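**Q** Protein chains in written order, with the numbering used here: chain R, 193 to 403; chain P, 19 to 288.
Backbone N, C-alpha and C define an ideal beta-carbon position, used for all residues, glycine too.
From a predicted model like this one, the values you see are computed outputs, not experimental measurements.
Quick one: the structure is below, and I'll ask about it shortly.
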Amino acid sequence: MMKTKYAVGFFIALIGCPIAALAGDKNDALDAKVISIIKRDFHDKGIARLDRINQDSVQAMCTQYLNNPPIVDMERLEAEQEKAIKWPADGKYMGDWKAGEKLAQSGIGMTWSDKPDAIPGGNCYNCHQLSAKEISYGTLGRSLLHFRAQFSQIRSGEELQRYVYGHIYNAKAYNLCVKMPRFGHLGILTEAQIKDLVALLLDPESPVNKQ
Amino acid sequence: MNTHIIKSLFFVLLFSIYGSVVQAASDATDEIAKYREMISDGNPADFDEMRGENLWKKPSGPKKVSMQKCDLGKGSGIVKGAYAELPKFFPDTDRVQDLESRLVSCMTTLQGIPEKEITTKPFGGDNYKPDIESYVAYVVGQSKGVKMNVSLNHPKEKEAYEIGKRIFFYRAGPYDFACATCHTQDKIRIRMQDLPNFNKAKDSQAAYVSWPAYRVSQGLFRSFQWRLNDCFRQQRFPEPQYVSELTIDLAMFMARNANDAIYAGPGLKR
Chain R
193 MMKTKYAVGF FIALIGCPIA ALAGDKNDAL DAKVISIIKR DFHDKGIARL
243 DRINQDSVQA MCTQYLNNPP IVDMERLEAE QEKAIKWPAD GKYMGDWKAG
293 EKLAQSGIGM TWSDKPDAIP GGNCYNCHQL SAKEISYGTL GRSLLHFRAQ
343 FSQIRSGEEL QRYVYGHIYN AKAYNLCVKM PRFGHLGILT EAQIKDLVAL
393 LLDPESPVNK Q
Chain P
19 MNTHIIKSLF FVLLFSIYGS VVQAASDATD EIAKYREMIS DGNPADFDEM
69 RGENLWKKPS GPKKVSMQKC DLGKGSGIVK GAYAELPKFF PDTDRVQDLE
119 SRLVSCMTTL QGIPEKEITT KPFGGDNYKP DIESYVAYVV GQSKGVKMNV
169 SLNHPKEKEA YEIGKRIFFY RAGPYDFACA TCHTQDKIRI RMQDLPNFNK
219 AKDSQAAYVS WPAYRVSQGL FRSFQWRLND CFRQQRFPEP QYVSELTIDL
269 AMFMARNAND AIYAGPGLKR
C-alpha cells in the first residue's frame, strides 16, 4: 500500500499551502485586470511569441487554485491529459541512453534568445540529480540517481518503461500541477528523444544506474 | 580598479569550485560569499555609480537640463534614500512607478528626450551603456544602508501589489512556468544556482536589497528591470515591455516583501 502511494507520488514537487496562504482571497475583477495587463504588456521576441501567455485548461486551473485545485477537477483534467498521450506506435519505449545523457545535459531551447533551429534540450540536470559524475545538478525535482533500483521494486519491465515514458511526455497526466514541463504534450521533445531519456533512466548500463 | 582582474579572479575561483568533485553545492555558495566579501569595498558597480552621478548633474537632452530637479518621490532633487521607498504612487503621473519608470518620466519631461529613445534599448551590452542604467546605479547607491520602506497606503499601491502577486503565480508558456515555480521552495537550485524563496521574508529581503547589481559573468551593471526581463526569458515567456505596468507591479510585490531590510545595493552577482 505504501509502495503504491510512493509510486503515485513519483515526480511530485512541493505544492500547496504556503502559496495559497500568500495569494489571499479570490477577486474576479482584479483577476480580469491581471489578464488584460498580461496581454497588453508582453510582446513577441524571437521565437517567444505573445500567444505563449494564453493559458490552456491545466495552466489556468493550477494558477487559479495556486497548484492545489479541487480533487474532482484535478482528476478530470489529469484523465484528459493522459488520454492525449501519444504512445510510441512501435510499442517500444527504450532508446539510446548515450543520446539521452546528452539531451539531459542540455538546458537550451524555447527562450527568445534561442535560434529557431536550436533543438531544445531535456533540461533534466537543471532540476534533477541523475548520474553520480555530474555534480552540477539542480534540486527542484527529486534525485533520479540509481533510478532503476529506486523504482524496479514498484514496477518492472515494460510497465515501468511505459510509466516513465508517460511521465516525461506529460507529467501533468499523473499529477496535475506538478512543476515538470510536459515535454511531449507541448512539443518540446520528439518521441525518439523521450525514448532516449527513458533509456537513460532505465538502462542498467547508463550512468544513472551503473555506479 | 581593474574589472578584468576581478573577472578573472572570479572565474579562477569558480573553476576551482567546479573542479573539486567532493565539494557540495553549499560550499560553492560559501565560496561565492567569500569572494563577495573579498572585493566588497571595490564593487565594479562603483564606476557605474560615478558615471551616473556625473551624468545626473550634467545638462542634457533637447532642453539642456540636468536630472538634478527630478522628483523620485521624496521631493524635487532628493536622491538620498529615494530608492528604498520605490515603487510608489506619483500624483503628477497618477500611477505607481518604479525607479526606472520614474527616470523615464524625468528624462522625457525635464530633458525633453523622446520616450522611445530611452525605452527601445534600455539595457547595456558590449560597447553600449545607456544613460538610464548609470542613473540607476547612482540613485540606488544613494539608498545604501537605508531601511526598505515601501508603502501600500495609496489604493493604487495596494492594487499594484495585488496585481504583482498574481503575475508572480501566473503559469503559462511551453514549460508551464510561473515565477513561483522556481521561487516558492526553500534551499533549491537550478544546476548550481541557489533560488530565493519569495514566500519567505528573509529570502525576499536578501534578494531584493542586492539588486540592481554588477554581473561578473557578463561584466555589466544590471538594473532591476533587466533582472525581471531575464527571468521572463528563462521562464520561456515573451518579452515584457520595459517599465510597463506589468513589470512595475511585479517589482512592487517584490519590493514590499523586502520591507524592513537594509538596502545594500548595488550588489555583486556571479
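Within the same chain, show all residues whose beta-carbon is closer than 6 Å to that of R:Gly-299, passing over the 5 residues directly before and after it, in chain order.
**A** Answer for R:Gly-299: Gly-313, Asn-315, Asn-318, listed in chain order.
**Q** Between which residues of its own chain and P:Leu-121 is the CB-CB distance below 6 Å, once the five residues before and five after are set aside?
**A** Around P:Leu-121: Ile-150, Tyr-153.
**Q** If we define contact as Cβ-Cβ less than 8 Å, is P:Ser-222 a contact residue for chain R?
**A** No, P:Ser-222 does not count as interfacial toward chain R.
**Q** Counting only runs that start and end within the region 219 to 257 of chain R, where is the alpha helix (DSSP H) found for 4 or more residues in a row?
**A** Runs of the alpha helix (DSSP H) inside the region 219 to 257 of chain R: 220 to 233, 249 to 256.
**Q** Compute the Euclidean distance between the alpha carbons of P:Leu-32 and P:Asp-116, then round it to the nearest angstrom.
**A** The predicted model places P:Leu-32 with a pLDDT of 49, which falls under 50 and marks its position as unreliable; any figure quoted below should be read in that light. Approximately 34 Å between the Cα atoms of the pair.
**Q** Between the beta-carbon of P:Met-166 and the beta-carbon of P:Asn-277, is there less than 8 Å?
**A** Yes, the pair counts as a contact, with Cβ atoms nearer than the cut-off.
**Q** P:Ile-136 CB to nearest chain R CB: under 8 Å?
**A** So, not an interface residue.
**Q** Identify which residue in R:Gly-287, R:Gln-247, R:His-320, R:Asn-367 has its Cα closest to the Cα of R:Glu-270.
**A** If we check each option's Cα against that of R:Glu-270, R:Asn-367 comes out closest.
**Q** CB R:Ala-296 to CB R:Leu-389, shorter than 8 Å?
**A** Contact: yes.
**Q** So, does the CB of P:Ala-225 fall closer than 8 Å to a CB anywhere in chain R?
**A** No - not a single Cβ of chain R is within 8 Å of the one on P:Ala-225.
**Q** Roughly how many angstroms separate the alpha carbons of R:Ala-341 and R:Glu-350, rounded to a whole number?
**A** Going by the C-alpha atoms only, they are around 15 Å apart.
**Q** My understanding is that P:Phe-365 touches P:Pro-258, with C-beta atoms under 8 Å, so please give their C-beta distance in whole angstroms.
**A** In the structure as shown, chain P begins at 19 and stops at 288. Residue 365 of chain P is therefore absent and cannot be evaluated.
**Q** Starting from the beta carbon of P:Met-210, find every residue of chain R whose beta carbon is closer than 7 Å, and list them in chain order.
**A** The contacting residues are Ser-328.
**Q** Would the beta-carbon of P:Ile-230 fall within 8 Å of that of P:Phe-216?
**A** Before going on, a small fix: residue 230 of chain P reads as Pro here, not Ile. Their beta carbons are not under 8 Å apart, which means P:Pro-230 does not touch P:Phe-216 by this criterion.
**Q** Is the region 372 to 384 of chain R touching the region 275 to 282 of chain R, taking contact as three or more C-beta pairs under 8 Å?
**A** Touching, yes.
**Q** Evaluate contact between the region 233 to 247 of chain R and the region 197 to 211 of chain P, counting only Cβ atoms and requiring at least three cross-stretch pairs below 8 Å.
**A** Touching, no, given that fewer than three Cβ pairs across the two stretches are closer than 8 Å.
**Q** Ordered along the chain, which non-local residues of its own chain (more than five positions away) have a Cβ less than 6 Å from that of P:Phe-141?
**A** Contacts found: Trp-244.
**Q** So, at 8 Å on beta carbons, what are the nonlocal neighbours of P:Gly-91 in its own chain, with the 5 sequence-adjacent residues on each side left out?
**A** Result list for P:Gly-91: Ala-100, Glu-103, Leu-104, Lys-106, Phe-108, Arg-120, in chain order.
**Q** Could you check if R:Ala-281 belongs to the surroundings of the ligand GDP, using beta carbon to heavy atom distance under 7 Å?
**A** The ligand GDP is not part of this structure, which contains no ligands at all.
**Q** Whether or not the region 218 to 226 of chain R and the region 171 to 188 of chain P are in contact is what I'm after, with contact meaning three or more pairs of Cβ atoms, one per stretch, closer than 8 Å; do they touch?
**A** With a cut-off of 8 Å, the region 218 to 226 of chain R and the region 171 to 188 of chain P count as touching, because enough Cβ pairs lie within range.
**Q** In angstroms with no decimal places, state the Cα-to-Cα distance between P:Ser-161 and P:Gly-283.
**A** Answer to the nearest angstrom: the Cα atoms are 8 Å apart.
**Q** Could you compute how far the alpha carbon of P:Leu-264 sits from the alpha carbon of P:Thr-137?
**A** The straight-line gap from Cα to Cα measures roughly 15 Å.
**Q** Which bits of chain P does R:Asp-236 rub up against, with CB to CB less than 9 Å?
**A** Result: Pro-256, Glu-257.
**Q** Under the three-state reduction of DSSP, which class applies to P:Tyr-153: helix, strand or coil?
**A** The answer is helix: DSSP assigns P:Tyr-153 an H, G or I state.
**Q** Cβ closer than 7 Å: which chain P residues qualify as neighbours of R:Ala-365?
**A** What R:Ala-365 touches in chain P: nothing, since even the nearest Cβ is about 13 Å away.
**Q** Can R:Lys-402 and R:Trp-304 be called in contact, C-beta distance under 8 Å?
**A** Cβ atoms of R:Lys-402 and R:Trp-304: not closer than 8 Å.
**Q** Tell me which residues of the region 264 to 285 of chain P have at least one Cβ-Cβ distance to chain R shorter than 9 Å, keeping chain order.
**A** Cβ contacts with chain R come from Leu-264, Thr-265, Asp-267.
**Q** Under 8 Å, CB to CB, which of the residues in the region 188 to 208 of chain P have a partner in chain R?
**A** The region 188 to 208 of chain P vs chain R, Cβ under 8 Å: Tyr-188, Arg-189, Ala-190, Gly-191, Pro-192, Tyr-193, Asp-194, Phe-195, Ala-196, Ala-198, Thr-199, Cys-200, Thr-202, Gln-203, Lys-205, Ile-206, Arg-207, Ile-208.
**Q** Let me see if you follow: with CB-CB separation under 8 Å, is P:Ser-262 close to chain R or not?
**A** Cβ-Cβ to chain R under 8 Å: yes for P:Ser-262.
**Q** In or out: R:Val-250 buried (at least 16 other Cβ within 10 Å) or exposed?
**A** Buried, because 16 or more other Cβ atoms sit within 10 Å of the Cβ of R:Val-250.
**Q** Using a cut-off of 8 Å between C-beta atoms, extract the partners of R:Arg-416 located in chain P.
**A** No statement about residue 416 of chain R is possible, as the shown extent of chain R runs from 193 to 403 and does not include it.
**Q** Give me the Cα-Cα distance between P:Ala-178 and P:Asp-267, rounded to the nearest whole angstrom.
**A** The straight-line gap from Cα to Cα measures roughly 5 Å.
**Q** Helix or strand or just coil, what does DSSP make of P:Ala-190?
**A** Reduced to three states, the DSSP call for P:Ala-190 is strand.
**Q** Check the Cβ of P:Ile-181 against every Cβ in chain R and list those closer than 8 Å, keeping chain order.
**A** Going along chain R in sequence order, the residues near P:Ile-181 (Cβ under 8 Å) are Leu-222, Lys-225, Val-226, Ile-229.
**Q** Taking the beta carbon of R:Ala-281 as the centre, do at least 16 other beta carbons fall within 10 Å, making it buried, or is it exposed?
**A** With fewer than 16 other Cβ atoms within 10 Å, it is exposed.
**Q** Assuming P:Asn-72 and P:Tyr-232 are in contact, meaning their beta carbons sit under 8 Å apart, how far apart are those beta carbons, in whole angstroms?
**A** Incorrect: roughly 18 Å between the Cβ atoms, too far for contact.
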